[in-house]
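Below: the structure, in structure tokens.
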Amino acid sequence: MANIVIDTNIVVPYFTDSKLRSAPAQSAADAFEASFSNTASATAEHVEATADTAAKVRQGMVIVRVLDGIVKNRYANDPGKLAAWVSASHVEKAPKKQTPTT
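What follows is the structure, given as structure tokens:
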């Protein structure tokens with residue numbers, strides 16, 4: 454039986470016809486595999502947070518549309534306040550992709 458040194462603290466016995474590993478190497482392999490579930494969990498949390506943010510943005514846009522009608526009617530005769538509302542309620546939209554003309 455020959456030994457393969459992977460790290461100064463981990464020695465894995467090399468068996469030509471066996472799948473056995475030493476305990477330190479097995480625990481290192483288990484820790485490595487566990488890191489994948491942490492990554493998957495973090496990705497799921499990121500996706501969830503993005504969906505929550507998108508839902509809150511949609512709610513805000515609906516509220517602005519409702520308030521827009523109310524404010525425009527209430528302050529129709531007050532150009533200063535109406536201009537302030539238009540400025541404050543302006544929402545920048547993402548630019549639309551233009552299809553290249555050929």
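Take 454 as the starting number for the sequence shown in my numbering and just add one per residue.
Note that CB positions come from ideal geometry on N, CA and C, so glycine has one too.
Item	Value
Through-space distance from L520 to K534, alpha-carbon basis	14 Å
8 Å Cβ shell around V544 - same chain, five flanking residues per side excluded	M514, V517
Secondary structure of N530, DSSP reduced to three states	coil
Three-state secondary structure assigned by DSSP to T554	coil
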